[in-house]
Amino acid sequence: MSDRAPSREAWQWLETQPLLARLDTFIAPAAASALFETLLHEVAWESPAIRVYGRDHIIPRAQCWMGDPEAGYRYSGSQLVPTPWHPAVAELATRVQQALAQAELPTTEFNSVLLNRYQDGQQRMGWHSDDEPELGPDPIVAAVSLGAERPLRFRERHRDSGQRAFNVWLPHGSLLLMGPGVQSRWQHALAPRAIPGPRISLTFRRIHR
Ligand SMILES: [Mn+2]
Numbered sequence: 605m606s607d608r609a610p611s612r613e614a615w616q617w618l619e620t621q622p623l624l625a626r627l628d629t630f631i632a633p634a635a636a637s638a639l640f641e642t643l644l645h646e647v648a649w650e651s652p653a654i655r656v657y658g659r660d661h662i663i664p665r666a667q668c669w670m671g672d673p674e675a676g677y678r679y680s681g682s683q684l685v686p687t688p689w690h691p692a693v694a695e696l697a698t699r700v701q702q703a704l705a706q707a708e709l710p711t712t713e714f715n716s717v718l719l720n721r722y723q724d725g726q727q728r729m730g731w732h733s734d735d736e737p738e739l740g741p742d743p744i745v746a747a748v749s750l751g752a753e754r755p756l757r758f759r760e761r762h763r764d765s766g767q768r769a770f771n772v773w774l775p776h777g778s779l780l781l782m783g784p785g786v787q788s789r790w791q792h793a794l795a796p797r798a799i800p801g802p803r804i805s806l807t808f809r810r811i812h813r
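Start counting the sequence shown at 605; every next residue gets the next number (this note's numbering).
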């Protein structure tokens, strides 16, 4: 990984109000591939059952919640205690903060990260916002994508607003900033899609106690 964070000009402003910005060149391809392999083999991936409308379902992906010991979290009805930071993920968290600061973008001290691993395009994530109470009223969420390029789909939470849904493609090694206001304005989802390869996403957050 390079030591210098890219300049503000390297970012693409996908939406300005609220701010959705993507840095395609956050991690160079070879380093991103190496990180993908490390995480694939060294993260304690789990596919827990979650209760939806009174029935238990195995989630259609694998996940790992990582972070500071005090950064506990509730997710779909279960209490998650974070796994200790993997050194490569801790380093990545620091790099994400540096990249945001370097570009004068909104940032925070990320103390936790949700890793999701999608085996192929059939694995998915349903519509939701990252708006759990632990994240505070207006969270900043930063997502690093590794592996197969796939679109994250956004839609208005209030569907009568007349605004369209839209896709944000997330290339290998990219960083997506979901700035203040994004979670309260939009939901996002990873829909099933004919994409052959696996993908890992790391969404960095700050848990408020
Ligand atoms: Mn999310």
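Built from N, CA and C at the ideal position, the CB exists for glycine as well.
So if DSSP puts S716 in a beta bridge, which residue, or which two residues, is it bridged to?
Answer is G671 and R809, bridged to S716.
Which ranges does the alpha helix (DSSP H) cover as unbroken runs of at least 4 residues, wholly within the segment 679-762, from first to last along the chain?
Those alpha helix (DSSP H) runs which fall completely within the segment 679-762 and span 4+ residues are 691-706.
Measuring only the C-alpha atoms, how far is N720 from A666?
When the Cα atoms are used, N720 and A666 turn out to be separated by approximately 6 Å.
Close Cβ partners of T711 (< 7 Å) along its chain, the five nearest in sequence each way excluded:
Contacts found: Q701, L704, A705 and I744.
Name, in chain order, the residues that DSSP records as bridge partners for I662.
DSSP lists A653 as partners of I662.
Beta-carbon spacing of Y677, W689 below 8 Å:
Between Y677 and W689, the C-beta spacing is not below 8 Å.
Which stretch, first to last residue, makes up the beta strand (DSSP E) that contains H645?
Going by DSSP, H645 is part of no beta strand (DSSP E) but of the alpha helix (DSSP H) stretching over P633 to E646.
Per DSSP, what kind of secondary structure is R626 in: helix, strand or coil?
If DSSP states are grouped into helix, strand and coil, R626 belongs with the strands.
For A638 and V786, the rounded distance between their alpha carbons:
Computed Cα separation, rounded: 31 Å.
Among the candidates I662, E695 and R659, whose CA atom is the shortest distance from the CA of L643?
Checked all of I662, E695 and R659; the closest Cα to L643 is E695.
When the distance is taken between beta carbons, is L627 closer than 8 Å to S778?
The criterion of a C-beta distance shorter than 8 Å is satisfied by S778 and L627.
D742 beta carbon near ligand 1 (any heavy atom closer than 7 Å):
Checking every heavy atom of ligand 1 against the Cβ of D742, none is found closer than 7 Å.
Mind checking I631: buried by the 16 CB within 10 Å criterion, or exposed?
That one is buried.
Buried or exposed for I811, please, with buried defined as at least 16 other CB atoms from any protein chain shown within 10 angstroms of its CB.
Under this definition I811 is a buried residue.
Please report the distance separating the alpha-carbon of T807 from that of R789.
Rounded to whole angstroms, the separation of the alpha carbons of R789 and T807 is 18 Å.
Is the distance from the Cβ of V693 to the Cβ of V717 below 8 Å?
Contact: yes.
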